[in-house]
Amino acid sequence: QELRFTVWTGNDAHLAMLNGIAEGFRESHPDVTVRFETIPAGDYTQKLTFQIAGGNPPDLGWMFEDSIPAFIAAGVVEDIGPALRETEGYDLDDFSGPAMDLWSDGDAVYGIPFSTSPFMVFYNKEMFEAAGLKDPLAMAEAGEWTMEAFRDAALKLTEANDAWGFEFKDGEGYDSRIMHAIMPPIRAYGGHAWQDGECGFDDPEAVEAVTMLHGMIFEDQSIVPPGEQGDFFSGSAAMTVNQISRASKMPEAGFEWGIAPLPTGPAGAAPIIGQAGISVFAQGDKKELATEFAAFMTNAENVAVMAQFFPPARASVLDSDAFIDANELIPAEQMAYVSDAIKQGSVLPSHENAPKILAAMKPRFDALFRADADVPATLAAVCAAIQDEL
Amino acid sequence: MTRLTVRNLTKSFGKLEVIRGIDLDVADGEFVVFVGPSGCGKSTLLRMISGLETISGGELWIGDRKVNEVQAAKRGLAMVFQSYALYPHLTVRQNMGFGLKVRKESVDEIERRVNEAARTLQLDKLLDRYPRELSGGQRQRVAIGRAIVGDPQVFLFDEPLSNLDAELRVHMRAEIAALHRRLGNTTIYVTHDQIEAMTLADRIVVLRDGRIEQVGTPKELYARPDNVFVAQFIGSPKMNVCPVEAIRSPLQRAGFSTGGATQAGLRPEHLRIVDEAEGILCGRVSISEYTGGGSLLHVEIEGAPVFLVENSGDDTPQPGDIVHLAFSASDLHLFDAEGRACDREPELA
Amino acid sequence: MTRLTVRNLTKSFGKLEVIRGIDLDVADGEFVVFVGPSGCGKSTLLRMISGLETISGGELWIGDRKVNEVQAAKRGLAMVFQSYALYPHLTVRQNMGFGLKVRKESVDEIERRVNEAARTLQLDKLLDRYPRELSGGQRQRVAIGRAIVGDPQVFLFDEPLSNLDAELRVHMRAEIAALHRRLGNTTIYVTHDQIEAMTLADRIVVLRDGRIEQVGTPKELYARPDNVFVAQFIGSPKMNVCPVEAIRSPLQRAGFSTGGATQAGLRPEHLRIVDEAEGILCGRVSISEYTGGGSLLHVEIEGAPVFLVENSGDDTPQPGDIVHLAFSASDLHLFDAEGRACDREPELA
Amino acid sequence: MSQPQLATVKRICWMLSLVVVAIPFLFPFLWMISSGFKGPTEIFGEPSLIPRTWRWQNFVEVFEYQPFARQYFNSIYIACAVTVLTLLLSSLAGYALARMRFAGAALLMLFLMSALMVPEEVTIVPNFFLMKWLGVMDTHVPLILLPVFGPHGVMATFLMRQYFVALPKELEDAGKMDGLSRAGIWWKIALPMSRPALAAVAIITFLFSWNLFLEPLVFISSLENFTLPLALSNFTDPYGAPLWHLQLAATSLAVVPILIVYLIAQRQIIESFAMSGVKG
Amino acid sequence: MASLNEPGTTVRAPRAPWLTLKRRETIEGWLFVSPTLIGFLIFFLGPLIAVVFYSLSEWNLLSQDTIFVGLANYEDALTQNPDFWQVIRNSVIFAAGLVPMNMALALALAMALARPFRGVVFFRTIFFAPVVTSAVAWAIVWKFLLQGDAGAVNQMLATVGIDGPNWLREPNWAMAAVIVTRVLKMVGLNMILYIAALQSIPRDYEEAARLEGASEWQIFRMVIWPLLAPTTLIIMVITTIGSFKVFDHIYLMTGGGPENGTLVLAFYIYQQAFEFFEIGYASALAMIMFVIVLALTVVQLILRQKGST
Ligand SMILES: Nc1ncnc2c1ncn2[C@@H]1O[C@H](COP(=O)(O)OP(=O)(O)OP(=O)(O)O)[C@@H](O)[C@H]1O
Ligand SMILES: Nc1ncnc2c1ncn2[C@@H]1O[C@H](COP(=O)(O)OP(=O)(O)OP(=O)(O)O)[C@@H](O)[C@H]1O
Ligand SMILES: [Mg+2]
Ligand SMILES: [Mg+2]
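Encoded structure:
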């Protein structure tokens, strides 16, 4: 028998690891092979939908955090909760509560996060030294790594180096990564995107946070502005926000670097995590087998294996020294922050209408990211645009 | 048995009736030429015979087979087209052998017959050329060669010479005549050039507007046209036709009776320039066109349209000169109000 | 002052020399026709005169102005194209007024001149039609009308009649002649039809391969061609030419001296069918083509190529008949080995 | 200044202005090819047309990152299949519409022509379900069928018809007299004579298929079934951020061969466009 | 043998067979068109009719729920949805910008390159090259060249002292940028069509006009341009339809942004259907698009009818 498993990675190391896990599964199920199908991330949800609507669903698949609610709402992912609970030696409760929030509804479990990756600040040590600034990690330790400190650092970095102070995630903060750009400050200021069908972008906290970002971009000119390239990894920006998997890009970069937690704000620390889970599709004809494989893949042992690339959500693994030491690129003291962030972090806002909400938000945010934008008014417009979908 | 019989043949394109009931018998071995002005239906009629155009009404017999619904290729005829229609991507040899090949003749047989036809037409040396490498006359000959290899019962030609220059046309015309004499096939030939028709035909069919105006030998048509149309169509330059009224008194003076005729016709080559004494008609030369062997005079006769006069003498009148014209009674053609020729008793008697 | 003077004019397209040194004088009001086989450079020469083609070498004078480098529009000439080149999107009126309009003449003036030209050419009723709504002859007339409204000093025509059918060609030819007589402009006319040349020209220029073969009045060219080429080019059907050798003995018997000539030429219309006694040449009719007024005989004379003979008598010989041919001494053309005409003392004397 | 000198000056000005206009057409290609040799960091650095370091391994990585050779092949074979099928069907139908007098031909022509006015976007959704029903999702079948039978196929049919209408009819009549069947005439006479039109249709069809984007985007999901346009927009890291250096290297790889073919055949291409009825 | 003289009465005269030449032709004709016709019915006409039905329902692709809603989708688009009118406006602006620019440039290039001269092949090649280049490649490259300060275009403008805008970030400039780059991509095709048309205009017309004293501009304006009218019309129809279909270019260059400034109908349909999976709504939009394109084409064809009589 063959299980089709859609993933969005084409990375050889990732696939080797996945195939290794599949190989392990054959010990108990000798006649089962698992075929990992790569669908590029950009079109992943769309193609997956086509496969499902087209009557050709995979048995299992990776799911993005922002698309899972819609899939749950449409009833196309299987509730594997009961099966997991019955699985021997599978400790469902080992998964941290906040991490499971998105994937379960009461007792029903629609997916298991295999990657729970917090957003961290990557920074260029050399540029910090050139600007005569204290290392962010040290600031964090001292509790000084606040939004003000961040803004101040960015400005000084920009002035001291022939580079931007800060780059949004992958430079896509104005396009596909708007939420990654705005949510850390909004949360740090105590705001939220939406809750219970109510838009939060026009709350004072959010307005204040966005105003700060706007000021950094257009007054301080310390954040790479829209339409410009200021790639952190090629040394054109001093700081960026990203997930730790991006550390793999660092050896090429050729400068001293480090990672630090997100800066805190008036509302304290607000770590943010991005998630991806494994789901079993309701239309598949080998659902039981698929569920068994999902369980196998996310048992403690395999989660530890995957931890080399994907930060785990199992508390037991997170606390293990193995995890802390696992990443050869990141020193242990920095990994500790990662670990903390996973446990305390909350996922980015999601919604079953996420694609429409994002599409509705996008043009209003385009208007926001202009030098002469009226921040509160624009945010109000954002809320007006998305209210119907919430 | 390659008589060709046409009975009340009609053809309509949509509402437009193009052939309006043609009856015709072509004897075995006869060379019949269709002439007529452009658009009169010559090609359409020929194509109906060939099978390239469907028949709307009437009957078409080739030999004793009714062929109305027989496919073109199965009627046993061959056609030579105005543009020659040589396949540009095939050599002369392949062009000529094409029909045989389609009919699945053996390679040897094809070879034999192509060579034979090529010899007949002196195409031996050109067999491996492509049409584009041939001159107009050679193409024409290949087109004929292609027609004869199939050994057809009937040959059809649609203006085969109209793409050639004047010189070559005279030459190829003679060749076609020679070929017909040699092979003796029944032949139908379409042209709008009446000289070609005259020189080639056993019988000429004059068409007009989808109807036959007259059928006869070239001589009959030239000497005794049935009507004004044929009279003007056959002969070049064309017959001068004028109302009898305009020249009644000169005619009467000369003793020609005009009966009930309303129109009189005189061919340019039948008008002689004579002394005032002998002259029947008199007019002023408006243009005199020198043609080498002679000259063509445009003569203005009072009350009548301009007369063309062929003058082969060396003493060419100049424009402005007054000339006197004579002709013999037998050369005067008379037509009634409908344009039909009036019986000419003197000759019938 | 609209003489046209051409001095050693040459033209090359890249390496290809197309016009190889032409000298020519056209008098004021003269009608000069260029003839020659296809590709000989007639159009090119005309276009060089018009200014549409640049001049590679030599000089071109219109009146007493050297115009080698003068723009086409400023040379004061008008041209009628073979295709007529009527603008399909403009009415006849607009077509005729086009040149005046681009030269910014006043609307009234344009109106006046177009109407005048239209009257001259009987186009009054057609002024609001589009070219596609006109017959060939009418288009031709509009093309001429367009040329005359500009009141040019010189008219240029490039095969203006070659798109018309035979009948119409005869008619339009006469019209052009009449027009020229009326307006009297210097005119240069290109054609490859020698009958057209003969009937229209004051003088004919025979071109061959970019060079002038002969210049002269139609009569001169017909009666005294400078060389075989001109002899065969002028006259239709073309002159029979054969080696003197082949007919030396009959000629000598008849008392014609051939001098040092190697080729002899006889026009078909100058050969008469006579009794055996009078006959100079004797041959067998291979084809006899009836042409209404007479017939065209293909006569095979032993040792010589086939002779064409025009026979206007009514007693047409049949194929196979033996005929005897006679001609007068003045109609015998003699040429030397290079094809140049030999002086004929009898006539010079 | 004499006339020839004036002409020379005019010519030079003329050429210069053409060169200026040509820049926005040419520059993207130069830039693309040069960027294909740059490292990921250099692309964003100081712009220069000549790479500071030539990074040849981009072109190796292109093939490692995804089955690019396979995708390249997919595009080629799909485009070939579409082209051959389109030529075949459009010439058949175009021939019939131009040459055969059969009841309903005129109406049929109008009917088909209406397709020219309907963008593919309109019918893609039902076609999606049709393909699902046929069980050919994530195969190349839709990418072949839809161009052949969609508006583009109709356009090709129309072009072929226009050309056939203008072809001299006598050759076909000759074929008929020689005993060829209709199909024989079409295959042995009409087709060989319509090479310019076939070439023009082949070129537009090949390009059409080669550049097809929406259909593959909708119908293809697995990497090894991708066609080039999809593959090109798919040089992203696992999180969706573009890998510019690879993308541009791959783009060069996709564009350059076509350009070379075009350069070699450009005279014929222009001629066949000119000779075929493409001009309308 | 007597009967031979009267063919109409011979015993051998067969009755007219059923398979007359005319019937044969009809059957063959339909056989020839049948592959195309059947494919057309299945893959084009059928789907087109289906779209009409889809457009009357609310249908989410993911959940596969279908509810018949009548004309609600149309109502929503035409009266409720503010984006819709912006999309229509964008499409119209896009077409209104692209079509004239494309045609003017194509004609200008064709006029320059219709007659042979040294280097003509080189230039024709350059102008046609983008046509044979994949739209994806073209969009990707231009997206790069048009970046804010770092992009090659602005760098070049900077050398002549112009401070270029942030092309793809400002709605109006973004629209201009997608139009211009699309024109650059496609103008070669129209150029070739115009060249073909120009070459088929007999030179006589031009020469006649020149002889009559017309200037180059007058020749173009009064002779060439009117003669090109049929070609111009065809090109206009094709280009207009094409401009409404543009999807990939915008998808890749701007994704419809910024501020929906380049969100055109084709892209919007795609988004509704394949990003939001709103099949019913997308189908209604598709029908609207169909009607618009149809109307434009008919208007243009009517203009042609008027122009030619
Ligand atoms: N396929 C057709 N459809 C409609 N009308 C046609 C068709 N073919 C010919 N006709 C019309 O039939 C008439 C006769 O045409 P036909 O070609 O037989 O004339 P023709 O005598 O051969 O003329 P020409 O000397 O110019 O060749 C013309 O009026 C022509 O317009
Ligand atoms: N633009 C050109 N480029 C190169 N060669 C040319 C050009 N125009 C004419 N020729 C060549 O010049 C020669 C003379 O051409 P021209 O058109 O003057 O002949 P013509 O006497 O008018 O012939 P026709 O009777 O066929 O019109 C021909 O060999 C032709 O091929
Ligand atoms: Mg005909
Ligand atoms: Mg010429």
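Protein chains in written order, with the working numbering: chain X, -2 to 387; chain G, 567 to 915; chain D, 567 to 915; chain V, 307 to 586; chain R, 865 to 1173. Think of the CB as a built atom: it goes at the ideal place given N, C-alpha and C, for glycine as much as any other residue.
Return the first residue and the last residue of the alpha helix (DSSP H) that R:Tyr1058 is part of. Pro1035 to Ser1064
Neighbourhood of X:Glu62 by C-beta distance below 8 Å, restricted to the same chain and skipping five residues each side: Leu99, Gly271, Gln272, Ala273, Gly274, Val344, Leu345 and Ser347
With DSSP run on the structure shown, which of helix, strand or coil describes X:Asn8? coil
Expected contact under 8 Å - CB spacing of V:Gln377 and V:Ala555 to nearest Å: Between V:Ala555 and V:Gln377 the Cβ distance is about 14 Å, and since that is not below 8 Å, they are no contact.
Which of helix, strand or coil DSSP assigns to R:Ser927: Under the three-state reduction of DSSP output, R:Ser927 falls in the coil class, being neither helix nor strand.
For R:Pro1035, count the other beta carbons within 10 Å of its own beta carbon; 16 or more makes it buried, fewer makes it exposed. Which is it? With 16 or more other Cβ atoms within 10 Å, it is buried.
Ignore the nearest five residues each way along the sequence and tell me which others in X:Val299's own chain have a CB closer than 6 Å to its CB. The identity of residue 299 of chain X in the sequence shown is Asn, whereas the question assumes Val. If we look at X:Asn299 and ignore the five residues flanking it on each side, its Cβ neighbours are Ile18.
Residues within the region 1008 to 1027 of chain R neighbouring chain X, beta-carbon criterion of under 7 Å: Gln1011, Gly1012, Asp1013 and Ala1014
Amino acids of chain R, ordered along the chain, whose beta-carbon sits closer than 7 Å to that of D:Phe579: Correct list: empty, because the minimum Cβ distance to chain R is about 13 Å.
Which residue marks the beginning of the beta strand (DSSP E) containing X:Met60, and which one marks its end? Leu57 to Phe61
Is R:Gln1169 close to chain D? Criterion is C-beta to C-beta, closer than 8 Å. no
Look at D:Asp768 and D:Val598 and say whether their C-beta atoms are less than 8 Å apart. The answer is yes: Cβ separation under 8 Å.
Chain G within 8 Å of D:Glu835, Cβ atoms only: yes
DSSP beta-bridge partners for G:Arg698? Bridge partners of G:Arg698: none, in fact.
At the 8 Å Cβ level, is R:Leu885 part of the contact set with chain G, yes or no? Yes, its Cβ sits closer than 8 Å to a Cβ of chain G.
On the premise that X:Gln48 lies in contact with X:Val29, defined as a C-beta separation below 8 Å, what is that separation, rounded to the nearest angstrom? At roughly 20 Å, the Cβ-Cβ gap does not stay under 8 Å, so X:Val29 and X:Gln48 are not in contact.
G:Thr757, DSSP secondary structure in three states: coil
Members of the region 350 to 371 of chain X near chain R, C-beta cut-off 7 Å: Pro352, Lys353, Ala356, Lys359, Pro360, Asp363 and Ala364
Looking at R:Ile1143 and R:Trp923, is the spacing between their C-beta atoms short of 8 Å? yes
Identify every run of the beta strand (DSSP E) within the region 523 to 555 of chain V, keeping only runs that are complete inside it and at least 3 residues long; order them along the chain. none
Considering only C-alpha positions, which residue in the set G:Glu868, G:Gly860, G:Ile588 and G:His890 is nearest to G:Asn877? Considering only alpha carbons, the answer is G:Gly860.
Please report the distance separating the alpha-carbon of R:Thr1161 from that of R:Val1128. 19 Å
Let me check you understand the geometry: is the CB of D:Asp902 closer than 7 Å to at least one non-hydrogen atom of ligand 4? D:Asp902 Cβ: outside cutoff for every heavy atom of ligand 4.
How should G:Leu898 be labelled, buried or exposed, when 16 other C-beta atoms within 10 angstroms of its C-beta is the threshold for buried? In this structure G:Leu898 is buried. Its beta-carbon is surrounded by 16 or more other beta-carbon atoms within 10 angstroms.
Chain G beta carbons: is any one of them nearer than 8 Å to that of V:Lys316? no
DSSP three-state call for D:Glu913: helix, strand or coil? In this predicted model, D:Glu913 has a pLDDT of only 43, less than 50, meaning its place in the structure is not dependable enough to derive any value.
7 Å CB neighbourhood of X:Lys284 in its chain, flanking five on each side removed: Glu75 and Val277
Test item, CB below 5 Å from any non-hydrogen atom of ligand 6: Because ligand 6 does not appear in the structure shown, any question about it cannot be addressed here, the ligands present being ligand 1, ligand 2, ligand 3 and ligand 4.
Exposed unless 16 or more other CB atoms sit within 10 angstroms - verdict on G:Glu835: buried
Taking C-alpha atoms, which residue in G:Gly776, G:Met738, G:Val875 and G:Gln818 lies nearest to G:Ala895? Scanning G:Gly776, G:Met738, G:Val875 and G:Gln818 for the CA closest to the CA of G:Ala895 turns up G:Gln818.
From G:Ala743 to G:Leu618, what distance separates their C-alpha atoms? 25 Å
Residues near G:Tyr653 in its chain [Cβ-Cβ closer than 6 Å; skip 5 each side]: Asn661
What's the call for X:Trp59, buried or exposed, on a 16-neighbour Cβ count within 10 Å? buried
Using a Cβ-based criterion (distance less than 7 Å to any ligand heavy atom), does D:Leu582 qualify as near ligand 2? yes
Output the distance between the C-alpha atoms of V:Arg361 and X:Ala312, rounded to the nearest integer angstrom. Between the C-alpha atoms of V:Arg361 and X:Ala312 there is a straight-line separation of about 44 Å.
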